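Enquirer: So the protein lines, in turn, are chains A and B.
Residue 0 is where the first sequence starts when you use numbering that gives the first Met the number 0, and the numbers rise one by one after that.
Residue 0 is where the second sequence starts when you use numbering that gives the first Met the number 0, and the numbers rise one by one after that.
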Amino acid sequence: MPRLKHTQSDPLLLTPLKVGRIAYHWEMIQANVKAFDDYTSLSLEEFLSFISSSRVLSWEIGDGVGLCSLVIASDVNVLGQMVLYDYNYRDYIGRDFCRKAFDLGFSRVTIFVSRDRESAREFAVRNGAVYEGRQRKAYKRGEAFVDVEIYALVKEKLLWLQQQPLQLPLLAQQGR
Amino acid sequence: MSPNSSLSEISSKLERLEWKPFVTTQESVVELWNKLQEFPQVFDDFGKGNFDEFVGKLFHRNNLFFDIGDGLGIACGFGVRPGLDMVLHLVMFDKRLRGREPLFLEMMGFCFDRLKLRRMTAIIASDCQTAIRLVQRLGFVREGVMREALKRNDHLFDVECYGILREEFDATVEAYAKRSTPADAA
């Protein structure tokens, strides 16, 4: 499937994923299986289970332009996943996505990038992600095994975040 | 004598520990939960004091559990991706790890063979040096460090990522088998 063409102008907003939109995103991901690594290894049942898990928070990017999810790995660490159907990985979307994690009280966002996904790596690094290691043969693409690189954005070390006014973590705002 | 069969012989000679799939009954789940309270580092990713999450992980379709020595320990495979990878966790409630490597390798071999894994992963907090030394003895290779990825008792810890490929596992098994082969009689 060719890249999504749309007339939505920037900035695209991140809005909480609604149940009624899950089927749309499933179909868009299936139509772009070769273009993405995030979400694509899941069957429909696994995708539904993943999206509805209590440890996964998902947002729609724009009006059907993309999907992003935070998977809660620990009290401080979330794993980030993102797909953009117009293939345009805008830096501000990456930063807004990270801000969602930091506003929720997490202090780092981990990203796994297959070694052969140059544009995904560049997108992560442009937003301040730091290389932390490489899991060998950790992803299967077709019949071949590729390495997966580990990158992370740590809140205290992000220059672009230090230059922005900080928001209190969500729970602190609620007085908890 | 094949390396895998020699592992069984070696581990059974050292002490008569057997391992089998963990059978989930109400009693066994509660007993396991109570035992794990003495190992707070296990709760880094096993529910952290939340019993419902702990049970959820026990019954998750992508996780598997082995009982070692009838309640002496438990081995877990989290996030199993058949044909690819799983994350290994191990707890021995008598806190003895050294000397049991053949037993652990035997369980790993079962998973590698039955699940046709390409690799296995171990994720260990940097302050768990005993576990780190164990996985190194089992042939795992350090692949990365996730900075400040874990919080325990208000302290942030790095988390080290280790991995072992199938061929590296086979080499480790062969090395243990050779180490335990008695010298030829004169």
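Glycine residues also receive a C-beta, built at the ideal position from the N, C-alpha and C atoms.
Only a predicted model underlies this, so the values are computations on that prediction, with no experimental measurement involved.
Per DSSP, what are the beta-bridge partners of Thr14(A) in this structure?
Expert: On the first sequence, position 15 is the one that residue 14(A) refers to. Glu59(A).
Enquirer: What's the call for Thr109(A), buried or exposed, on a 16-neighbour Cβ count within 10 Å?
Expert: Taking the first residue of the first sequence as 1, we reach residue 109(A) at position 110. It is buried - the Cβ of Thr109(A) has at least 16 other Cβ atoms within 10 Å.
Enquirer: Which residue wins for smallest C-alpha separation from Glu17(B), given the options Gln25(B), Gly76(B), Trp32(B) and Arg99(B)?
Expert: Along the second sequence, read from residue 1 onward, the residue named residue 17(B) stands at position 18. Checking every option, the nearest Cα to that of Glu17(B) belongs to Arg99(B).
Enquirer: When burial is assigned at 16 or more other CB atoms within 10 Å of the CB, is Ser51(A) buried or exposed?
Expert: As a position in the first sequence, residue 51(A) is number 52, starting the count at 1. Label assigned to Ser51(A): exposed.
Enquirer: Can you give me the Cβ contacts of Arg2(A) inside the same chain, cut-off strictly under 6 Å, excluding the 5 residues immediately before and after it?
Expert: On the first sequence, position 3 is the one that residue 2(A) refers to. Cβ neighbours of Arg2(A) beyond the five flanking positions: Asp85 and Tyr86.
Enquirer: Can you check which of these residues, Leu57(B), Gly55(B), Phe65(B) and Leu83(B), is closest to Val90(B) by C-alpha distance?
Expert: Counting from one through the second sequence, the residue named residue 90(B) turns up at place 91. Checking every option, the nearest Cα to that of Val90(B) belongs to Phe65(B).
Enquirer: Do Lys154(A) and Leu13(A) have their C-beta atoms within less than 8 Å of each other?
Expert: Locating residue 154(A) in the first sequence gives position 155, counting from the first residue. Locating residue 13(A) in the first sequence gives position 14, counting from the first residue. No, these two residues do not count as a Cβ contact at 8 Å.
Enquirer: For chain A, check one thing: does any of its Cβ atoms lie closer than 8 Å to the Cβ of Arg117(B)?
Expert: As a working note, residue 117(B) is residue 118 in the second sequence. Yes, Arg117(B) lies at the interface with chain A (some Cβ there is under 8 Å from its Cβ).
Enquirer: Using a C-beta cutoff of 8 Å, does Glu176(A) count as contacting chain B?
Expert: Look at the range of chain A in this structure, 0 to 175, and you will see that residue 176(A) is not part of it.
Enquirer: At least one CB of chain B closer than 8 Å to the CB of Val124(A): is that the case?
Expert: Your numbering for residue 124(A) matches position 125 in the first sequence. Output row for Val124(A): interface = no.
Enquirer: From which residue to which residue does the beta strand (DSSP E) around Asn76(A) run?
Expert: What you label residue 76(A) is simply residue 77 of the first sequence in a count that begins at 1. Start and end: Asn76 to Leu83.
Enquirer: I'd like to confirm the pairing. Which residues does DSSP put opposite Ser68(A) in its beta bridges?
Expert: Taking the first residue of the first sequence as position 1, residue 68(A) is located at position 69. Answer by DSSP bridge pairing, in chain order: Ser57(A) and Gln80(A).
Enquirer: Please go through the region 73-136 of chain B and give each complete alpha helix (DSSP H) segment of 4 or more residues, from N-terminal end onward.
Expert: Runs of the alpha helix (DSSP H) inside the region 73-136 of chain B: 100-114 and 128-136.
Enquirer: Can you pull the chain A residues whose beta carbon is under 7 Å from the beta carbon of Val144(B), in chain order?
Expert: As a first step, residue 144(B) must be located in the second sequence, where it is residue number 145. Within 7 Å Cβ-Cβ: Glu131 and Gly132.
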